[in-house]
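One structure below.
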Amino acid sequence: MKKKRILLKIGSNTLTKETNHISRGKVEDIGRQIAQLSSDYEFIIVSSGAIAAAKQFVKLEHTGPEINVKQALAAIGQPHLMRIFQESFRELGLLTSQCLLSYSDFENSDSRVNIKNTINVLVANNFVPIINENDTVATDEIKFGDNDKLAALTASLLDADLLLIATNTNGIYTKESLENNHPKTIATVNDLSNLVKEIGNGKSTHGTGGMQSKIEAATIAQKASIETWIVNGLNENFIQDALQNSINYTKIKS
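Below, the structure is given as structure tokens:
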């Protein structure tokens with residue numbers, strides 16, 4: 000039986016558990032679930048967190064634009080981030096691989112074919128691809144999006160069955176419930192145009208995205224007939240709990 004393919008996007012706030020450093024415990028939680036689900040699902044990860052990883056080790060002095068500092072931090076932090084994934088996943092019997100992509104790759108037909116072929120070979124050989132934006136040459140996701148759009152484009156290119164976005168809320172809340180300080184999750188969405196009216200403009204602590212970028216990602220996925228789930232990645236076991244429908248999260252229909 001063919002395995003279902005999940006594109007798992009992990010935001011910075013999930014990876015840091017809303018602290019100032021990458022949480023090995025959270026990376027292990029993700030790896031453990033992937034290992035336990037491996038007989039029925041194959042996973043491709045789009046992970047933020049390179050800049051957050053670098054901030055644990057360095058403080059850069061620079062007088063130029065802030066974006067240049069962030070690009071430099073990404074270059075420093077990416078190897079640290081991959082090392083944490085590699086070490087944590089290896090203990091669980093999982094093999095990892097790194098893929099750095101930029102938006103120009105998706106606009107070039109040869110690059111699209113190469114990305115798809117390479118990642119399919121990795122997955123077929125039981126390597127978990129861990130994808131991030133190539134931040135040293137591109138700035139789009141640093142400025143806005145926290146890899147949400149990158150995840151959606153990748154899911155579309157790789158014919159994923161599900162785009163699962165891990166964030167720091169129990170999905171998307173109704174605007175009224177937020178105003179009353181009693182967040183209520185919107186469980187199912189069919190029409191994305193109605194959802195836009197419910198969201199605010201807030202951005203997350205470490206990440207550059209908010210719910211707006213997740214709606215844009217879901218729009219890309221929906222055009223490719225891929226369902227998007229927005230799930231609270233801070234919870235232990237969030238992937239399996241979402242698959243079992245035992246937690247509150249937002250499901251955006253394909």
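Sequential numbering of the sequence shown, starting at 0, is according to numbering that gives the first Met the number 0. Quick reminder that beta carbons are idealized off the backbone N, C-alpha and C, glycines included.
Closest by CA to residue i, which one among the options?
i, options, result
"V57", "A74, G24, C98", "A74"
"K222", "S253, Q77, K196", "S253"
"N113", "Q211, F84, C98, F126", "C98"
"Q32", "T117, L7, Q55, I171", "L7"
"D240", "D109, Q35, N107, Q70", "Q35"
"S212", "S224, I225, T166, N231", "T166"
"S153", "H20, T227, E60", "The amino acid at residue 153 is misidentified as Ser; the sequence shows Thr. Selected option, being the one with the closest Cα: T227."
"N12", "Y172, G170, D145", "D145"
"A52", "N193, N19, T173", "N19"
"I43", "P64, I50, E60, L93", "L93"
Mind reading off the beta-carbon distance from residue i to residue j? Whole number of angstroms is fine, and I expect it under 8 Å.
i, j, result
"I130", "L100", "6 Å"
"I9", "S37", "Their Cβ separation, rounded to whole angstroms, is 18 Å, which puts I9 and S37 out of contact at 8 Å."
"K3", "L161", "7 Å"
"V127", "S96", "7 Å"
"A216", "I5", "With a Cβ gap of about 15 Å, A216 and I5 do not count as contacting."
"I164", "D147", "7 Å"
"K54", "L72", "7 Å"
"S155", "I225", "7 Å"
With respect to the beta strand (DSSP E) encompassing residue i, which residues constitute its N-terminal and C-terminal limits?
i, result
"T227", "226 to 231"
"I332", "Outside the displayed span of the chain (0 to 253) sits residue 332, for which this structure offers no information."
"E41", "40 to 46"
Return the first residue and the last residue of the alpha helix (DSSP H) that residue i is part of.
i, result
"S108", "108 to 123"
"E255", "Nothing in the structure corresponds to residue 255, since the chain is present only between 0 and 253."
"E215", "210 to 222"
"I251", "Element bounds for I251: not the alpha helix (DSSP H) but the beta strand (DSSP E), 249 to 251."
"S238", "Checking the sequence, you will find Ile at residue 238 rather than Ser. That run of the alpha helix (DSSP H) goes 237 to 242."
"E197", "Per DSSP, E197 belongs to no alpha helix (DSSP H) and is neither H nor E."
"I246", "Neither: I246 is in no alpha helix (DSSP H) and is coded neither H nor E."
"A53", "49 to 54"
"L177", "174 to 178"
- Message: Please give me, in chain order, every unbroken run of the alpha helix (DSSP H) with length at least 4 that falls completely inside the region 72 to 106.
- Response: 102 to 106
- In chain order, which alpha helix (DSSP H) runs of at least 4 residues are fully inside the region 6 to 30? 11 to 15
- Query: Just checking, does the region 236 to 245 make contact with the region 180 to 190 on the three C-beta pairs under 8 Å criterion?
  - Reply: Short answer: they don't touch.
- Item | 4 or more residues per run - each alpha helix (DSSP H) lying fully within the region 140 to 169 | Runs of the alpha helix (DSSP H) lying entirely within the region 140 to 169, each at least 4 residues long, are 147 to 156 in chain order.
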